[in-house]
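Chains as they are written, first to last, in my numbering: chain A, 99 to 446; chain B, 99 to 446. Heads up, the thing below is written out as structure tokens.
Protein chains: 2
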Amino acid sequence: MTSESMTLGTATQLDVFEDLRRRVDTRLEGVLDEAEAEAARRAKDAVETVVQVRDLTLRGGKRMRPAMLLAAVECVVEWKTLAAAVVDTSCGIELLQTYLLIHDDWMDGDTVRRGGATVHVSLAKRYGDEHLGASAAILAGDFASAMAQDLALSHNVPKGRVFDVARAFIAMQREVVLGQTLDVLNSSDIEAIHDLKTGSYTVRGPIALGHALAGGSAEQWAALVAFANPLGVAFQLRDDLIGAFGDEKETGKSAASDLRQAKMSAPVRWALERLPEDRKSELRAVLGTDQYVRAQELLIESGAVEGIERRIDELEAKALAALESPALRREGARLLARLAAMMCKRKK
Amino acid sequence: MTSESMTLGTATQLDVFEDLRRRVDTRLEGVLDEAEAEAARRAKDAVETVVQVRDLTLRGGKRMRPAMLLAAVECVVEWKTLAAAVVDTSCGIELLQTYLLIHDDWMDGDTVRRGGATVHVSLAKRYGDEHLGASAAILAGDFASAMAQDLALSHNVPKGRVFDVARAFIAMQREVVLGQTLDVLNSSDIEAIHDLKTGSYTVRGPIALGHALAGGSAEQWAALVAFANPLGVAFQLRDDLIGAFGDEKETGKSAASDLRQAKMSAPVRWALERLPEDRKSELRAVLGTDQYVRAQELLIESGAVEGIERRIDELEAKALAALESPALRREGARLLARLAAMMCKRKK
């Protein structure tokens with residue numbers, strides 16, 4: 099499971115993040131329309147692939163990674179001086195997310211994403227063949243990956259910073275793919291999964307992109323990374339709680355999907371370390387089955403929920419402390435603090 | 099099927115292409131060793147994925163796309179003045195090829211590649227599970243894609259040209275993915291497949307990268323693209339003949355794989371347009387079965403082989419004519435002419 103959504107503010111409040119969200123959505127619509135038109139002209143039979151990328155991207159979440167990128171830029175310079183580049187590189191992150199979600203959902207056999215059918219499910223239905231649908235879905239992901247690079251390194255990025263932005267964008271990909279590999283193989287190296295998968299491309303990656311785009315200093319980077327790393331772990335822990343206890347209506351994903359897939363997520367690991375032997379065996383037996391309600395009871399009994407909530411609070415405090423650095427502009431630090439609070443308290 | 103190999107010269111001749119091939123292989127070994135070490139340190143359970151990328155890349159062919167890139171650079175400036183960048187961007191193309199081959203082979207269900215097991219087959223065997231093997235293979239491709247970007251846009255590329263090199267590298271990806279989508283869906287739009295899939299990333303893409311790397315002019319680009327486009331079609335036609343008549347020992351791929359997969363390749367299409375009705379029905383019946391020898395006989399009977407050989411000769415002549423442009427350095431034009439001859443006459 100790759101998680102992605104959260105609440106960035108209330109509907110009545112048109113602030114900087116809401117402004118960014120609108121700009122990103124408008125730009126995504128524009129480039130996806132162009133891509134669809136190009137496919138219609140040059141590869142008519144492949145249009146449906148692009149349509150799937152378009153639909154999944156545009157029914158996307160709250161554009162939280164763009165908010166993180168913008169806040170990092172704001173720690174270095176006023177983001178409005180780089181607005182077009184901030185929007186384009188943000189679109190690059192969102193398209194990267196589309197690519198990863200499409201591949202991920204097929205690997206995990208997930209059928210629901212962002213409140214609609216996953217791409218491999220849609221395409222298998224359309225072509226009446228499961229393997230063909232999966233193949234076209236993998237290619238839809240590959241196409242989104244190419245589009246992501248196109249936007250992340252667009253003509254709006256200051257020419258002297260393209261190299262640094264590319265480095266950040268590529269490092270994020272290398273890390274998240276290794277992290278996802280560990281996840282798919284159900285590795286017990288949970289910390290590596292947290293760091294590489296979620297930490298990397300949810301927090302550290304967007305912040306690294308913002309820092310590169312704004313031409314930040316080494317001192318600014320040190321402060322930003324000291325913020326990003328604990329927050330990335332906190333985000334993943336929250337995600338694991340949602341993956342164990344969230345319901346489909348709220349998350350747009352299958353309920354308790356991590357439990358039904360027997361993922362070695364943080365609460366499961368917590369419980370397996372602390373429950374008495376008989377309960378431990380029971381938990382092992384119900385993981386990966388439809389008896390996820392019993393698995394949830396056992397997790398609660400083990401104290402996993404309070405324990406992990408406490409750990410999230412500690413990590414958030416650590417992240418906020420890093421923002422005290424005098425190297426960072428206060429305007430940016432305030433935005434990052436707000437995002438940290440939202441990420442640690444979200445319900446989906 | 100994605101094809102890739104050809105002969106670039108005899109073993110006794112250590113010329114510019116052989117020199118490049120050795121430099122590219124050495125550099126690929128270095129970066130793949132580093133990637134493996136990084137995975138061992140940060141994502142131990144994912145090492146096998148990187149090992150698979152390493153093995154497939156290093157048992158790679160004749161490095162024909164790098165040769166094409168180098169020749170295009172040489173049309174603009176002496177390639178040795180940009181040697182490190184030529185090598186790195188060449189490695190980027192080779193890793194892109196690894197990425198595309200891994201995904202492609204899984205989609206096509208191919209079991210043999212470059213004389214070894216395909217990545218999804220190896221990994222399915224290793225993990226004892228077909229879906230897990232396929233998932234890890236898709237991720238191996240995704241990892242190769244990130245590495246490809248890393249090399250194509252390496253620190254050796256002149257900073258002022260990173261943006262242009264990125265454009266060429268991304269355009270190639272967008273095109274080849276659309277082309278592969280048409281191919282997988284067995285689209286009847288053969289010309290679009292030729293142009294987008296093979297033309298794009300076998301000839302036009304490497305040449306565009308070389309042109310961007312060397313900082314070539316618009317006039318030079320016009321001459322290079324007039325060379326690349328007919329050659330790309332000729333390459334694909336040769337590929338289709340090999341896909342229908344090649345044997346596994348020579349090509350490192352399953353014999354007559356296109357016929358067994360009932361691909362609407364150029365010779366099949368030729369035959370279906372020209373054979374009498376009864377033969378046409380017979381051909382349709384044997385395509386996609388093990389009776390590929392009968393399919394081959396029917397193709398020969400239709401005149402497909404001579405007809406397509408003739409067309410390849412015409413396209414080669416057209417490509418060579420474009421090299422007469424005074425905008426191109428003679429040293430480079432000579433190298434491109436040599437590559438065109440090799441590509442049009444290859445047996446694998």
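Every residue, glycine too, gets a C-beta built ideally from N, C-alpha and C. Since we're looking at a predicted model, the values are computed, not measured.
Burial state of residue i (16 or more Cβ within 10 Å)
i, result
"LEU295 (chain A)", "At residue 295 (chain A) the sequence reads Lys, which differs from the Leu that was named. Buried."
"LYS257 (chain B)", "exposed"
"ARG302 (chain B)", "buried"
"SER252 (chain A)", "buried"
"GLY344 (chain B)", "buried"
"ALA332 (chain A)", "buried"
"ALA414 (chain A)", "Before going on, a small fix: residue 414 (chain A) reads as Glu here, not Ala. By the neighbour-count rule (16 or more Cβ atoms within 10 Å), GLU414 (chain A) is buried."
"PRO164 (chain B)", "buried"
"LYS160 (chain A)", "buried"
"ARG121 (chain B)", "buried"
"THR110 (chain A)", "At THR110 (chain A), the pLDDT of 40 sits below 50, so the modelled position is not reliable; the number obtained from the coordinates is stated separately. Exposed is the call here."
"THR387 (chain A)", "exposed"
Per DSSP, the bridge partner or partners of residue i
i, result
"ALA215 (chain B)", "B:VAL210"
First and last residue of the uninterrupted alpha helix (DSSP H) at residue i
i, result
"LYS160 (chain B)", "From DSSP, LYS160 (chain B) is part of no alpha helix (DSSP H); its letter is neither H nor E."
"TYR390 (chain A)", "390–399"
"MET245 (chain B)", "228–250"
"VAL301 (chain A)", "No alpha helix (DSSP H) holds VAL301 (chain A); DSSP gives it neither H nor E."
"ALA415 (chain A)", "402–420"
"MET440 (chain B)", "428–443"
"ASN284 (chain A)", "It is not in any alpha helix (DSSP H) - ASN284 (chain A) carries neither H nor E in the DSSP assignment."
"ALA462 (chain A)", "This structure cannot settle anything about residue 462 (chain A), because the visible part of chain A is limited to 99 through 446."
"PRO365 (chain A)", "364–372"
"GLY128 (chain B)", "114–140"
"THR179 (chain A)", "Unbroken run through THR179 (chain A): none, as it is neither H nor E."
"GLN359 (chain B)", "Here GLN359 (chain B) belongs to no alpha helix (DSSP H), and DSSP marks it neither H nor E."
Any C-beta of chain A under 8 angstroms from that of residue i
i, result
"MET205 (chain B)", "yes"
"VAL217 (chain B)", "no"
"LYS257 (chain B)", "yes"
"VAL185 (chain B)", "no"
"ALA419 (chain B)", "no"
"HIS292 (chain B)", "no"
"ALA135 (chain B)", "no"
"GLY231 (chain B)", "no"
"ILE268 (chain B)", "yes"
Contact with chain B by residue i, beta-carbon distance below 8 angstroms
i, result
"VAL260 (chain A)", "yes"
"THR155 (chain A)", "no"
"SER220 (chain A)", "no"
"LEU237 (chain A)", "yes"
"VAL282 (chain A)", "yes"
"ARG140 (chain A)", "yes"
"ALA364 (chain A)", "no"
"ASP287 (chain A)", "yes"
"ALA456 (chain A)", "Absent from the model: residue 456 (chain A). The displayed extent of chain A is 99 to 446, so no value can be given."
"ASP208 (chain A)", "no"
"ARG272 (chain A)", "yes"
"VAL391 (chain A)", "no"
"ALA354 (chain A)", "no"
"ALA402 (chain A)", "no"
"SER243 (chain A)", "yes"
"ALA264 (chain A)", "yes"
"THR279 (chain A)", "yes"
"LEU193 (chain A)", "no"
Pick from the options that is closest to residue i, judged by C-alpha positions
i, options, result
"VAL263 (chain A)", "A:ALA235, A:ILE305, A:ASP227 and A:LEU280", "A:ILE305"
"ASP337 (chain A)", "A:ARG444, A:ARG157, A:PHE267 and A:SER298", "A:ARG444"
"ALA420 (chain A)", "A:ALA250, A:GLU317 and A:THR187", "A:GLU317"
"ALA300 (chain A)", "A:ARG409, A:VAL403, A:THR187 and A:GLY330", "First, the residue type needs correcting, since residue 300 (chain A) is Thr and not Ala in the sequence shown. Ranking the options by Cα distance to THR300 (chain A), first place goes to A:GLY330."
"VAL171 (chain B)", "B:ASN327, B:ALA320, B:LEU311 and B:VAL129", "B:LEU311"
"VAL384 (chain A)", "A:LEU156, A:GLN359, A:TRP204 and A:LEU437", "A:GLN359"
"PRO374 (chain A)", "A:SER400, A:MET362 and A:LYS361", "A:SER400"
"SER298 (chain A)", "A:LEU167, A:GLU146, A:ASP153 and A:VAL145", "A:LEU167"
"VAL174 (chain A)", "A:ALA402, A:GLY308, A:GLU134 and A:ARG408", "A:GLY308"
"ALA135 (chain A)", "A:ALA250, A:ALA181, A:ASP113 and A:ARG152", "A:ARG152"
"SER243 (chain A)", "B:ALA393, B:VAL275 and B:GLN334", "B:VAL275"
"TRP204 (chain B)", "A:TYR197, A:THR216, A:SER233 and A:THR196", "A:SER233"
"ALA182 (chain B)", "B:LEU339, B:PRO424 and B:ARG125", "B:ARG125"
"GLY190 (chain A)", "A:GLU289, A:GLN271, A:ARG372 and A:GLN389", "A:GLN271"
"ARG408 (chain A)", "A:TRP368, A:ALA326, A:ASP293 and A:ALA138", "A:TRP368"
"LYS178 (chain B)", "B:GLY213, B:GLN150 and B:VAL114", "B:VAL114"
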